[in-house]
Structures are given as C-alpha cells and as structure tokens.
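Numbering (the working numbering), first residue to last: 308 to 586. Worksheet for the structure shown next.
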C-alpha cells in the first residue's frame, strides 16, 4: 500500500481514535469510522440497533478496525460488504459474524459457508492484498429487511460499480449507506464487472425508493473535513447523467476512459461510448 498521508484538518465533530482512525457521530446510533490517512480516504459505518449492530464495510485492512468498533458498542456486530473490492473487505476475515448479499453466482461458490472472492472481484493485486476467505454467517436477499432492534434496514441491490454492490436504506432516519455506488469525486464504472446498463437501472430504482430528504453516507471522500455526505438530489443527477450517456448526448473528456460530468461534486469514469457497453 502507498505510504500514509499526513493527518488532515478535521471539524469539531470528528475525534481521532488513534493516529489513523477517526470517529464521527452522524446521530447517536450511526457512527462514521474514517481512514483519512489512507489514500482512498475510506469510510465505514457502524449502524446500531437495540439488539445488534452492522459494520457496513471494514476498510482496506491497513489497520485493524476491531478496536475502534469495540470501543463504541457492546452489541453483537455483523460485518457486511457493500461490495467485494479490497478496500472494503480488508478486516472482514477477522469477524465472527459476516453477511453477504444472496446472489446465485456468489452463493454457489461458497463451499461449506466459506467464500473467497476472485482476483477480479477483489482487485487487491493493485496494492498487494490477497483475497480473504470469508466465513459467511448470513445471506441477505435483495429487498430483504434487517431488524437490528428498534431499527430496520432494507437491502437494495445496486450493481453498476460491481455486480454484487448493495446499499442499505434506513427509511425512518432517512439515511442511505451507499458504498461505492455513489460518492463525491470520480465514480469508477470501467472496472471488471462494472456495467453502465446496471448502473442506470439501479439509479432509476433508487430514485423511486429513497425518500426525499435522505442523506447519503458514502464510502470515500475527496476532501476534508468530516464524513462524506451527499443527498438524494445527487442520485437524481446520477440517473439523469446516465440517461443522457445512454442516449449519446452527454459529452465527456478523455479517449478510452472518459470523465463524464454528473454535477459539481460527482463525475463518472467510463469506457468511451463507441465500445457499445449498452444493451
């Protein structure tokens, strides 16, 4: 992995756990755990109910996230993946409880409950991380609900960045945990398994099911301070940009990998349209 960057200036709502992790309370039961010194500036989210908790993503594994989580809750914690890229599953194999989205192409490869991502799913070779062996204790079906006790999350399958990508919707609190489906900065839609058609279909669905006023808690930030938060309007802008891209009316910069504007905070990196990735 690249060397760590210097600690960034943060807002008063952010506390440093040590010299690497930060903690920020979105609300009393929703906590952003940041890694601002890692070059991708990952954010994982500890989602607390009254009976159990979810850790949505676990970072690249440059440092062990468990002490941070254990300092914040005594509840049983299930670690869940927004998708299988190395910078989101780096601490998964240390978990006693692990959830994975229930898709046929994943389930059929889990031998005795153990799932190992392929190199193309994991992409850890980019920084020397080996794909982990994941002992899956829960399979979450798309559109199912997860009851944490006095808090219910809906699992929404949102492929596009990766085939297995999911987001978690907390309707009551108007929070959407997005993983890499959308965040501030460049969205990668050219990686192995990326699919613009699926990106668009997921965007259409999310705009339908995500209530007005919902905050999007995303997995990466581009600049400090604080956790990376977008809003529902950014989802609408992404859908509209993808619709224009499909029609061939959205202009981008570049040649093979082109950068297409979504809005002032978000842009989409995708293969040029002449490759015909639409169906």
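Every residue, glycine too, gets a C-beta built ideally from N, C-alpha and C.
Contact check between the segment 325-333 and the segment 497-511: fewer than three CB pairs, one atom from each, fall below 8 Å, which does not count as touching.
Residue environment for residue 567: buried (at least 16 other C-beta atoms within 10 angstroms of its C-beta). Just measuring C-alpha positions, the residue of 360, 425, 336, 445 sitting nearest residue 436 is 425. Straight across, the Cα-Cα distance linking residue 365 with residue 386 is about 7 Å. As the crow flies, the alpha-carbon of residue 501 is around 25 Å from that of residue 309. Cα atoms of residue 395 and residue 346: separation of roughly 13 Å, rounded to the nearest angstrom. The alpha carbon of residue 455 has as its nearest neighbour, out of 476, 391, 521, 526, the alpha carbon of 476. A Cβ-Cβ distance of about 4 Å is found for the pair residue 427 and residue 499, placing them in contact under the 8 Å criterion. Taking C-beta atoms as the reference points, residue 404 and residue 383 count as a pair closer than 8 Å. If you check the CB distance, residue 446 and residue 414 come in under 8 Å. The three-state reading of DSSP puts residue 422 in strand, counting E and B together. Excluding the 5 residues flanking it on each side, residue 452 has same chain C-beta neighbours closer than 6 Å at 459, 461, in chain order. Rounded to whole angstroms, the Cβ separation of residue 545 and residue 510 is 5 Å, and the two are in contact under 8 Å. Straight through space, the alpha carbons of residue 490 and residue 536 are spaced by roughly 8 Å. Counted as a single uninterrupted DSSP element, the stretch harbouring residue 548 is not any beta strand (DSSP E) but the alpha helix (DSSP H) occupying residues 539-554. Taking a C-beta distance under 8 Å as the contact criterion, residue 380 and residue 355 qualify as a contact pair. For residue 530, the number of other beta carbons within 10 angstroms of its own is below 16, and it is reported as exposed.
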